[in-house]
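Taking it in order: structure first as structure tokens, then the write-up.
2 protein chains.
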Amino acid sequence: MLHGQMMQTPLLISGLIEHADRHHPDVEIVSRRVEGDVHRTTYRDLHRRARQVANAIGGLGIKPGERVATLAWNGYRHLELYFGVSGSGSALHTLNPRLIAEQIAWIINDAEDQALFFDLTFLPIIEGIASHCKSVRHWVAMIDKEKMPASSKVNLLCYEDLLAAASDHFAWPQFDENTASSMCYTSGTTGHPKGVLYSHRSTVLHSMAAALPDALNLSARDCILPVVPMFHVNAWGLPYVAPMVGAKLVFPGGALDGKSLFDLFEAEKVTCSAGVPTVWQGLLAHTEANNLRFSTMRRTVIGGSACPPSMLRLFQEKYGVQVLHAWGMTEMSPLGTVSTFKGKHDALSAEQRLALQYKQGRAIFGVDMKIVDADGQDLPWDGKAFGDLLVRGPWIVDRYFKQADSPLRTDAGGQGWFPTGDVATIDADGFMQITDRSKDVIKSGGEWISSIDIENVAVSHPAVAMAACIAARHPKWDERPLLVVVRKPNAQITREQLLAHYEGKVARWQVPDDVVFVDAIPLGATGKMLKTRLREQFKDYRLPGA
Amino acid sequence: MLHGQMMQTPLLISGLIEHADRHHPDVEIVSRRVEGDVHRTTYRDLHRRARQVANAIGGLGIKPGERVATLAWNGYRHLELYFGVSGSGSALHTLNPRLIAEQIAWIINDAEDQALFFDLTFLPIIEGIASHCKSVRHWVAMIDKEKMPASSKVNLLCYEDLLAAASDHFAWPQFDENTASSMCYTSGTTGHPKGVLYSHRSTVLHSMAAALPDALNLSARDCILPVVPMFHVNAWGLPYVAPMVGAKLVFPGGALDGKSLFDLFEAEKVTCSAGVPTVWQGLLAHTEANNLRFSTMRRTVIGGSACPPSMLRLFQEKYGVQVLHAWGMTEMSPLGTVSTFKGKHDALSAEQRLALQYKQGRAIFGVDMKIVDADGQDLPWDGKAFGDLLVRGPWIVDRYFKQADSPLRTDAGGQGWFPTGDVATIDADGFMQITDRSKDVIKSGGEWISSIDIENVAVSHPAVAMAACIAARHPKWDERPLLVVVRKPNAQITREQLLAHYEGKVARWQVPDDVVFVDAIPLGATGKMLKTRLREQFKDYRLPGA
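Sequence lines, in order, name chains A and B.
Residue numbering for the first sequence follows this note's numbering, starting at 15 and increasing by one per position.
Residue numbering for the second sequence follows this note's numbering, starting at 15 and increasing by one per position.
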């Protein structure tokens, strides 16, 4: 083949912060710190300190290709590590502090992390696991010297000491863009967590695609507050996108309650945010209770789990904040789809537009997707047929860290597709809607019932705080839906009232067979309902009439 | 190094049309044809016909890596060739019909084009050059069978016949993303034209960057009418960006007069356009004369040469059309900078914002730039220092086709930079402003005078239609500015009145030494003033007092 004759410039993460330094030197990064205060820096200073990080980790003996872990909130020091570690050719491994200590230790050992940088909040975790993590040679507290703990069971280094001793002269190495840049473990509900190893190429391409007008639409006119944690699929890529486009960044640290967030939004003139539905529940509870309005917020990305229609409507109609309903996975860097309109949708009514936004949306450019039946045959894009959702593209996992087996399914044309584990419909305009997780779908007779549809009806009732729909065994139908419900404080509702609420909202045969009221539904480390636990708890449940 | 474990999905041009077919099948491509009518198709049909093109050129014996030329207006058949030829692994070579026939033949021979597809408008050119183009095995007229010329000196094939005979079953080959995809020759003012060979990678990355909110901000809600020709640096990339984002495309064919364009803008509800200042002059003359307003146009990209401030103001203030002042080159795919605002500019007055837009703007992500003095030393980004503008990035030329010598300049760090031939300032916010072409700058004493600044003042006078400022020899100052002016029809203005118009607008020593009124200024094939000709014409000009 004849090659083009354009420059061979590798797509590197260091290029993102270099671009921000050259083109947006004075744009601010504002962080609520573990120390309690609000800290301000700029992309120029952040770039300088990222170069110090690169020298510091070199001084600690960390080599290119080795993994460096973090256990930290969203903040400027964490961002310095994003660029300093990846930029120098090592892989940044962001740990989820919401996992149990044993699981964190297991992950550290699997990744063979050589150093671990942590916010002081997490010192108890560190002290609990340090002796079990043989690969870790350095434990670094991300704090000023004067705030360092007086003593600890673990031999701690001080982040600010390390940086103060490091030169800020460092030329970012140029290397193959397929080099590993960073790493996240999936919170698998079965088996051990699995590591996803991102590359510089996948990260930069994902950043470009994420910023596009049909995706998150981010520009130098934005001020972004990522509520989604930097330990959760790299805060959906926002720490990379922001310097790429020169947007101001605001980090909430560990203060994720409604009041703290709202105050930060207003004080820093945030225009755009991103997070899971549970975070927005807290924020909206605060604004509703205090009759507050956002003065600069224009839009927010909601993902991680489906955005309840009532939340979408409240944000847009009462608060004038556009909701970008999005879907993705750790294995997808994470962005797969965003619900943004096409030109043809200008003609729709407000209600029709809302109905479209309830879907998880269209594939962003670079992501290809399809739905297949149990035999792997393509299903039509008619908005009705649902099947296993498969994806492919340059920021989608090829295989897991240290796993010999490929997770991909190969189609008739020899093309590999990643099975998402989600069940979905896709309509003629390419709008995808998750109807269930493969393992959560309820198989009643030959028909599938979407647990999510059933849950959405339940939470639309004013007395319901949370609802999970799981399959209960049934002698005739194999499985039938059982609804597990948490009532709102002081709210009253009976089984019969709740079941009557389904009338006209779903087909008769999809209405749950029974309702169980509980005090709480167990949640996983990323805020998702742990249906595996519920299924275990209700595995012998006897449905009425069964 | 440790590699990431993400999918190795090559960035291919076929992926753009596949994406449009899957996600935007019903979006229209509307073309005013050589036949005279308005033709409508969709991305799904366009993709089908692009596959037929791939089969058809295979049937003609065209192999991957070989060049296939076009001599055509903006239209759907040209777009089919964009995807059919590049997608199958050959390189699409777009020829500029505004060049003289000898030059076109020279370029075809240099590129060794194997086939040439042309609009019937250009049959006289084809008949003039065919016998001189030994590499071309097939001459294909892009027209229906019934409109084919009854006879021709050249053995012609009919495009629609070829497609009708070709199957639409074709699986786009997957290959190295660095494979050559397309080719343009620069309209060099000295020496022979030089070929720039784009790759699939450079084209797809350029498309992603061009669509970003800080660049051209293109989405599935847009309807794009590229006035800039598809033979002029791939219409600035818009034929690739539009299917990538699912925008409707409207092609004007050869009808580029103000009335034809305006009528098409209105009939097709165009939201965004792109072209050189001379095209907009024609369009605005039509709207001004007939007191018309655009009902859907929201913004237009203006590049190719500097947008006159008066045009920028007229578009924005009277017509409510946002101007995206842009700069690029054939060697840059072409996009380098776009003048879009940052968050901090919200605080500026309307006049201050206009002043920023007069600059060519900020580097789009992926392009790095700097200005250097005659010794290659970096100059400060203070908006005042001006020097040679150098660029680098993944869609910037590395070397010219068949040229052994690299055009790049290597800096102290070993990094290669492409010298643009432009002289520019860059301010602290990264806004670049072209002050001149390196060869057009006027060297008066030790000081440089920007010919563009002097021309802008001249054309701001209501009696001036066009103005070129060139250097005239001067015994004391080496060079002094001479202004060559075309008056507007029936307008009166004297040398003294025009020179008085400079008062307070430029420094006294920058005011031209003399004014010559002419009937016309020679223009090149891309509409730029041919200062080389003027310099030749006035090489013995005696300035007053010299």
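The C-beta atom is built at its ideal place from N, Cα and C for all residues, glycine as well.
For the region 70-88 of chain A, the residues whose beta carbon sits under 7 Å from a beta carbon of chain B are, in order, P78 and G79. Fewer than three Cβ pairs drawn from the region 187-203 of chain A and the region 384-397 of chain A lie within less than 8 Å of each other, which leaves the two stretches out of contact.
Partner residues in the beta bridge of I484(B), as assigned by DSSP, are L496(B). A check of alpha carbon separations from G559(B) across P489(B), L537(B) and K542(B) identifies P489(B) as the nearest. Under a 10 Å Cβ-count criterion, D492(A) is classified as exposed, with fewer than 16 other Cβ atoms of the shown protein chains found around its own Cβ. For the set W462(A), I484(A), L537(A) and S458(A), the Cα lying nearest the Cα of E469(A) is the one of I484(A). Residues of the region 248-269 of chain A with a C-beta atom less than 7 Å from some C-beta of chain B are M258, V259, G260 and K262, listed in chain order.
Using a CB distance cut-off of 7 Å, R65(B) does not count as an interface residue toward chain A.
Against chain B, a Cβ distance below 9 Å from S195(A) picks out G18. None of the residues of the region 387-401 of chain B has a beta carbon lying less than 7 Å from any beta carbon of chain A. The beta carbon of M446(A) sits closer than 6 Å to those of T351, Q374, A438 and I440, all from its chain and outside the five residues before and after it, given in chain order. Among the residues facing chain A, N470(B) is not included, as its CB has no counterpart in that chain under 7 Å away. In the DSSP assignment, T193(B) falls outside any beta strand (DSSP E), carrying neither H nor E. Residue-level contact by beta carbon fails for F308(B) and chain A, as no gap is shorter than 7 Å. It is roughly 20 Å from the alpha-carbon of G518(A) to the alpha-carbon of S458(A). Contacts between G103(B) and chain A, judged by CB atoms closer than 7 Å, involve M15 in chain order. As a beta-bridge residue in DSSP terms, A377(A) pairs with T351(A). Taking C-beta atoms under 8 Å as the contact rule, V48(B) and G268(B) qualify, at a distance of about 7 Å. For I410(A), the chain B residues whose Cβ falls inside 9 Å of its Cβ are M20, M21 and T23, in order along the chain. Below the 7 Å Cβ cutoff, chain B contributes no neighbours of H107(A), its closest Cβ being approximately 12 Å away.
Residue contact with chain B for G272(A): absent (no Cβ-Cβ distance below 7 Å to any residue of chain B). Our two residues, T310(B) and W87(A), have alpha carbons roughly 46 Å apart in a direct line. With a minimum length of 3 residues, the unbroken runs of beta strand (DSSP E) contained wholly in the region 193-274 of chain B fall at 194-200, 208-213, 237-240 and 262-265. Within the region 225-241 of chain B, those residues whose Cβ lies closer than 8 Å to any Cβ of chain A are, in chain order, A225, L226, P227, D228, N231, L232, S233, A234, R235, D236 and C237.
When C-beta distances to chain B are compared with 7 Å, the residues of the region 340-360 of chain A below that value are F355, K356 and G357, in chain order. Within chain B, the residues G18 and M20 have their CB atoms less than 7 Å from the CB of Y212(A), given in chain order. The bridge partners DSSP lists for A105(A) are R81(A). The criterion of a C-beta distance shorter than 7 Å is satisfied by P266(B) and R46(B).
Cβ-Cβ separation between V337(A) and Q366(A): approximately 16 Å, too far for a contact (criterion under 8 Å). Rounded to the nearest whole angstrom, the C-alpha separation of P322(A) and A399(A) is 22 Å. Interface residue (Cβ-Cβ distance to chain A less than 7 Å): S216(B) is classified as such. With 16 or more other CB atoms across the displayed protein chains lying within 10 angstroms of its CB, K384(A) is buried. The criterion of a C-beta distance shorter than 7 Å is not satisfied by D124(B) and H107(B). G296(A) sits in a helix when the DSSP states are folded into three classes. Just so you know, the alpha carbons of F276(A) and T292(A) end up roughly 15 Å apart. One alpha carbon belongs to L362(B), the other to S353(B), and they sit about 15 Å apart.
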